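Numbering-wise (the UniProt record's numbering), the sequence shown opens with residue 1 and increments by one.
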Amino acid sequence: MAFAILIVGSPRLSSYGFLCTLTDDEYDEVLVDDEPDNDDGTEEPKVDDGVEEPIVGMTFSSEEEVRSYYMRYAKQKGFEVRRRNSRQSKDGWVRWFTLVCARQGTTKSQASNILKPRQTERVGCKARINAVLNEDGGYTLSSVILDHTHYCSPGKARHFRCFKKVDARVAKRLEINDEAGIRTSKTFQSVIVEAGDMRICHLGKRNVKTILRKHDNFVSELEALKL
């Protein structure tokens, strides 16, 4: 069995599907999705194993490059990431920051159904990386902890919220279909057809519904302003 790992600074979907970083407080209610939106019993696609493990001394050109690398590593190993701490200088430079396993800490999520409890989100996992600003303006890993206190699931990583990416083009089409009265199920099926395979489609039904709900709320607020 592989061990699961979660890290600080995990991205999430914005209103239109772009990735953005979750803060420590915002991540409290993000749960590992043990029940995929679409589990048809087929074999999970193979996970890329070409991302090397982080080690002290690795250098990156920017903060975003560190995050991108760690997210790819996390997806390969089967865990989520979030940002834990950072320190900014007076001139605006981020002097150091920490990305940790999203299951760091001890906060438990609130299960609404006691007969079907959800997996505890935070279990005191210590996995993390620390990156410090170097003299070249890039970032160097100053400390790395790889060990985790929970199981990882590389095959289910695509179901984790931080990896469900939706580009602006797809989000716009969902909104147009919604305005045209096309059912959510039909719209979702069209996305799968375009992807070519349900197993490589990172968009779940809940993502579709969330995008459409936010779009409807935006339209309602816009109409209210016109009155």
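Here a beta-carbon is modelled for each residue, glycine too, at the ideal position from N, C-alpha and C. Predicted model, so just to flag it, every value in this text is computed and none were measured.
To the nearest angstrom, how far is the alpha carbon of residue i from that of residue j?
| i | j | result |
| --- | --- | --- |
| Gln76 | Ile55 | 16 Å |
| Ser153 | Glu80 | 10 Å |
| Tyr73 | Tyr139 | 17 Å |
| Thr149 | Met58 | 24 Å |
| Arg103 | Ile176 | 37 Å |
| Arg128 | Val144 | 6 Å |
| Ala180 | Tyr69 | 40 Å |
| Gln88 | Glu63 | 12 Å |
| Asp91 | Cys125 | 33 Å |
| Gly50 | Met71 | 13 Å |
| Tyr151 | Thr98 | 22 Å |
| Gly155 | Glu53 | 18 Å |
| Glu135 | Ser86 | 18 Å |
| Ser61 | Gly78 | 25 Å |
| Trp93 | Ile182 | 47 Å |
In the DSSP assignment, the beta strand (DSSP E) including residue i goes from what residue to what residue?
| i | result |
| --- | --- |
| Ala131 | Arg128 to Leu133 |
| Arg84 | Val81 to Gln88 |
| Ser142 | Tyr139 to Ile145 |
| Thr98 | Val94 to Cys101 |
For the alpha helix (DSSP H) containing residue i, name the first residue and the last one.
| i | result |
| --- | --- |
| Ser68 | Glu63 to Lys77 |
So residue i and residue j are in contact, right, with Cβ under 8 Å, and what is the actual spacing, rounded?
| i | j | result |
| --- | --- | --- |
| Val100 | Arg82 | 6 Å |
| Leu133 | Arg95 | 5 Å |
| Asn130 | Leu146 | Between Leu146 and Asn130 the Cβ distance is about 13 Å, and since that is not below 8 Å, they are no contact. |
| Gly137 | Arg122 | So it is not a contact: roughly 34 Å between Cβ atoms. |
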